[in-house]
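Going down the list, the sequences are from chains R and Z.
Each residue of the first sequence is one higher than the one before, starting from 1 at the first, in this note's numbering.
Each residue of the second sequence is one higher than the one before, starting from 1001 at the first, in this note's numbering.
There are 2 protein chains.
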Amino acid sequence: MKKKTTIYDVARESGVSLATVSRVINGSSVVKAKTKEKVLAVIKELDFKPNEVARGLATSKTTTIAIVFPQSLFAHVKDMIGGIGDTGRHLDYNINMYTTDDIGDDDTVSDVTERIIKSRVDGVILFNNEHIDQMIEGIDRYHLPIVVIGKQISNETMGSIYIDVKNAAKELIMPYIEKGKTDILYVSPKQNLIKNDDVIEGIQEAYHENGLVFDENNIISSTSSYEFNLATFEKYFKNKKHDVIFCGYDKDGVAVIQSAIENGIDIPGEMDVVGMLNTSYAVMCRPQLSSLNVPIYDMGALAVRLLTKFLQGEAIESKEIAVRYMFIERESSHQN
Amino acid sequence: MKKKTTIYDVARESGVSLATVSRVINGSSVVKAKTKEKVLAVIKELDFKPNEVARGLATSKTTTIAIVFPQSLFAHVKDMIGGIGDTGRHLDYNINMYTTDDIGDDDTVSDVTERIIKSRVDGVILFNNEHIDQMIEGIDRYHLPIVVIGKQISNETMGSIYIDVKNAAKELIMPYIEKGKTDILYVSPKQNLIKNDDVIEGIQEAYHENGLVFDENNIISSTSSYEFNLATFEKYFKNKKHDVIFCGYDKDGVAVIQSAIENGIDIPGEMDVVGMLNTSYAVMCRPQLSSLNVPIYDMGALAVRLLTKFLQGEAIESKEIAVRYMFIERESSHQN
DNA sequence: TTGAAAGCGCTAACAA
DNA sequence: TTGTTAGCGCTTTCAA
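Structural data, given as structure tokens:
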């Protein structure tokens, strides 16, 4: 295997110095057009690909950002990855991905932090999840810029992309309450794109503004197993019913619909069901599930963009970016 | 922001030379226990994190592997990412991820190749997709080890993890044909984990071994849009019916079931429907979709493991690894 | 507009 | 068992 061609080879072949070649590949404007042309020709001829590792060492910048996927990953990471990957490529950043698996939680978190520091990435994208604070703290100590997805937070070197689920929940719930449909159940999911506490706050406010109070017993948690949840709901709906079942995640919404039907409950005749994230699940289900649509791809793209603003010292209008959302009413509810 | 502590700082503080510190952090066995202890103490005290970029430059190795996600990504990438990320961490490799989006296909492929080369990763994991050959060729020119997921292929520096879909398809189809149910439709998906041609070959063999021939008109392609496919199928099943609908992807299976029901076709009474990959979709659907289960997480893990074997010059028993699969019969079929 | 040379933080002979 | 020293391939002053 012949050695890779280096900047030295290019310099020699084109009869200029290292420095000039460096200027050319970095687009410096001071190089004479003719020189530049010649160098570029040689670069092409020798198929020279500048070594980013060497550059990284010289500049103390890797133009790489790390992204940490937590274990409890929601569906449609696919879109998130698309947004992150595409934007990274367009802005000329590499993406280093890390996962935190379920075995040995704590150790994994510090292990990943350690690896991130050693790899000398320029910044980090994190997802809201149960270990988020620990993760943030571990990374913040090294003054690495951070962008958090799914939780509103910011400081000098930290920003976030989030969904204003508090308001979304409030807007969703409000019409029901105003119509006297006040028996609402919230199904709280294991999922990182929304902050559960915010959803609950939103619900509470909707009740409060109507002089009512939301009964916190009307919150049940789902697990990450569809079949387990289904079994739970099937039992639950044997002798219960509510005006509205508001699910933090579509998958739970589908389970609710199916188990309600199983128990002879008509949807949306007797009970409305609403999901969140507007995944494929929603349209595949019968009756089709109403859901809150959220621009997942864009959240990934925005996260990368925001992070690069930190990295390049660009002006940042807002460090906490709320993405737009839109309620899509389908067959499982009739809010209006 | 104070400068990061380097190996020099550690050497000075512990009164030894650079080389010794280097030996300690690399676990060399020649260092005297006492020296090692002292150095380790200083490392801890100064919170020294070796700079992988500098190490990469010195060793011409980055201990990083690249993974390229194509645009038409199947669901449950989630699991794949888990397998890749976790295994990368356990084997001490960083994962660099790239996406190839839909805009400007060709350019993107060469763009990504270029970035991969510049970043000096040690090896690459690729997914089977329409541009796979172009991608492989582009990377192979630089003698980077490659592992392909979803397609059986290998050479000196290339291996693969795949599902033997040819046999899977054959095994699935065979019992039907033997029972005289020879009117089978194959729904060919846009999805990278299986090789369509192999599925078709498997079907053909099943027919062939029974002295029959599979009519290639009985292949229809689905798109990546569930709703579009649903509309297509709804029209299709208005005046058609088959013994079996064999879908390369669960999502299509669900669409088939739903549109068949819409048209009054009883499943599995009049028609069997079978999917592939055994995603959540299969269990969420009514009747539940029979499907071919495949260890997606493991495929990711195996890919990383195989690649590191190439990288570390380890013995490789087999460069083409077929993963186990298992047919899970649910409500949408009655093969037996 | 170009070149010379120091330095980025580490590894790996080679010597001691 | 430890230290010295020459790179690894680039960027970036500083001079010319």
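The C-beta atom is built at its ideal place from N, Cα and C for all residues, glycine as well.
Residue i, buried or exposed, once every other Cβ within 10 Å from all chains shown has been counted against 16
{"i": "R:F127", "result": "buried"}
{"i": "Z:I1007", "result": "buried"}
{"i": "R:R305", "result": "buried"}
{"i": "R:V30", "result": "exposed"}
{"i": "Z:S1017", "result": "exposed"}
{"i": "R:G264", "result": "exposed"}
{"i": "Z:F1228", "result": "exposed"}
{"i": "Z:L1057", "result": "buried"}
{"i": "Z:P1175", "result": "exposed"}
{"i": "Z:A1213", "result": "Position check: residue 1213 of chain Z holds Val in this sequence, whereas Ala was assumed. Flag for Z:V1213 reads exposed."}
{"i": "Z:G1082", "result": "buried"}
{"i": "R:M1", "result": "Bear in mind that a pLDDT of 44 at R:M1, under 50, signals an unreliable position, so the number given afterwards is only what the model happens to contain. When all chains shown are included, R:M1 counts as exposed."}
{"i": "R:G180", "result": "exposed"}
{"i": "Z:M1326", "result": "exposed"}
{"i": "R:T223", "result": "exposed"}
{"i": "Z:G1015", "result": "exposed"}
{"i": "Z:R1055", "result": "buried"}
{"i": "Z:G1123", "result": "buried"}
{"i": "Z:N1192", "result": "buried"}
{"i": "R:D198", "result": "buried"}
{"i": "Z:S1318", "result": "exposed"}
Opening and closing residue of the beta strand (DSSP E) in which residue i lies
{"i": "R:G67", "result": "The identity of residue 67 of chain R in the sequence shown is Ile, whereas the question assumes Gly. Segment 64 to 70, the beta strand (DSSP E) holding R:I67."}
{"i": "R:N94", "result": "94 to 100"}
{"i": "R:L277", "result": "272 to 277"}
{"i": "Z:G1253", "result": "No beta strand (DSSP E) contains Z:G1253, which is instead part of the alpha helix (DSSP H) from 1250 to 1262."}
{"i": "Z:V1124", "result": "1123 to 1127"}
{"i": "R:G159", "result": "158 to 163"}
{"i": "R:L185", "result": "184 to 188"}
{"i": "R:V30", "result": "Taken as a continuous stretch (DSSP letters only), R:V30 belongs to no beta strand (DSSP E), as it is neither H nor E."}
{"i": "R:I136", "result": "R:I136 -> not in any beta strand (DSSP E); alpha helix (DSSP H) instead, spanning 132 to 140."}
{"i": "R:V148", "result": "146 to 149"}
{"i": "R:L397", "result": "What the structure shows of chain R is the stretch from 1 to 336, and residue 397 of chain R is not part of that stretch, so it cannot be assessed."}
{"i": "R:F246", "result": "244 to 247"}
{"i": "R:I267", "result": "No beta strand (DSSP E) contains R:I267, which DSSP labels as neither H nor E."}
Assumed close pair residue i, residue j - CB separation to whole angstroms, cut-off 8 angstroms
{"i": "Z:T1100", "j": "Z:Q1071", "result": "6 angstroms"}
{"i": "Z:H1090", "j": "Z:I1296", "result": "Actually they do not touch by this definition, with Cβ atoms about 18 angstroms apart."}
{"i": "Z:F1246", "j": "Z:I1163", "result": "That pair is no contact at about 15 angstroms."}
{"i": "R:E13", "j": "R:V53", "result": "Actually they are not in contact, since the Cβ atoms of R:E13 and R:V53 sit about 22 angstroms apart, beyond 8 angstroms."}
{"i": "Z:I1194", "j": "Z:I1219", "result": "About 14 angstroms separates the two Cβ atoms, so there is no contact after all."}
{"i": "Z:E1262", "j": "Z:E1234", "result": "6 angstroms"}
{"i": "R:I65", "j": "R:V121", "result": "6 angstroms"}
{"i": "Z:Y1098", "j": "Z:I1116", "result": "7 angstroms"}
{"i": "R:T5", "j": "R:L40", "result": "R:T5 to R:L40, Cβ: 14 angstroms. No contact."}
{"i": "Z:M1284", "j": "R:M284", "result": "7 angstroms"}
Span of the alpha helix (DSSP H), counted from its first residue to its last, around residue i
{"i": "R:E320", "result": "It is not in any alpha helix (DSSP H) - R:E320 instead sits in the beta strand (DSSP E) that spans 320 to 323."}
{"i": "R:Y297", "result": "296 to 311"}
{"i": "R:L230", "result": "226 to 236"}
{"i": "R:I88", "result": "Residue identity differs from the one stated: residue 88 of chain R is Gly in this sequence, not Ile. Here the alpha helix (DSSP H) through R:G88 covers 77 to 90."}
{"i": "Z:V1053", "result": "1052 to 1059"}
{"i": "Z:V1283", "result": "1280 to 1284"}
{"i": "Z:Y1207", "result": "1196 to 1208"}
{"i": "R:V10", "result": "7 to 14"}
{"i": "R:S22", "result": "18 to 25"}
Proximal residues to residue i (C-beta, below 8 angstroms), its chain only, five neighbours per side dropped
{"i": "R:I84", "result": "I67, I95, I125, G300, A301, A303, V304"}
{"i": "R:Y281", "result": "A75, D250, K251, G253, V254, G275, L289"}
{"i": "Z:L1230", "result": "A1255, Q1258, S1259"}
{"i": "Z:S1333", "result": "V1244, P1268, D1272, V1273, V1274, S1290"}
{"i": "Z:N1278", "result": "D1250, S1291, L1292, N1293, V1294, I1328"}
{"i": "Z:P1050", "result": "I1007, I1025"}
Contacts around residue i, its chain only, beta-carbon distance under 7 angstroms, and the 5 residues preceding and following it disregarded
{"i": "Z:K1151", "result": "N1128, I1132, S1160, Y1162, K1195"}
{"i": "R:K309", "result": "I316"}
Cβ neighbours of residue i in the same chain (closer than 6 angstroms, five flanking residues each side left out)
{"i": "Z:H1147", "result": "A quick correction: the sequence has Val, not His, at residue 1147 of chain Z. Answer for Z:V1147: I1125, G1159, A1303, L1306, L1307, listed in chain order."}
{"i": "Z:A1206", "result": "K1170, I1173, M1174, I1177"}
>> Using a Cβ-Cβ cutoff of 7 angstroms, what residues of the segment 31 to 64 of chain R are near chain Z? List them in chain order.
In response: K49, P50, N51, E52, V53, A54, G56, L57, T62
> For the segment 206 to 218 of chain R, which residues have a CB atom closer than 8 angstroms to at least one CB atom of chain Z, in sequence order?
Replying inline: none
>> Using a Cβ-Cβ cutoff of 9 angstroms, what residues of the segment 92 to 121 of chain R are near chain Z? List them in chain order.
In response: D92, N94, I95, N96, M97, Y98, T99, T100, D101, I103, T108, D111, V112, E114, R115, I117, K118, S119, R120
> Residues in the segment 252 to 276 of chain R with C-beta within 9 angstroms of chain Z's C-beta atoms, listed in sequence order?
Replying inline: V254, A255, Q258, I261
>> To be precise: take each residue of the segment 279 to 300 of chain R, compare its Cβ to all Cβ atoms of chain Z, and keep it if any distance is under 8 angstroms. Which residues remain?
In response: S280, Y281, V283, M284, C285, R286
> Between the segment 1123 to 1148 of chain Z and chain R, which residues of the former have CB atoms less than 7 angstroms from a CB of the latter, in chain order?
Replying inline: H1143
> If contact means a Cβ-Cβ distance below 8 angstroms, which residues of the segment 1173 to 1194 of chain Z contact chain R?
Replying inline: none
> Quick one, which residues of the segment 1217 to 1246 of chain Z are near chain R if we go by CB-CB under 7 angstroms, in chain order?
Replying inline: Y1226, E1227
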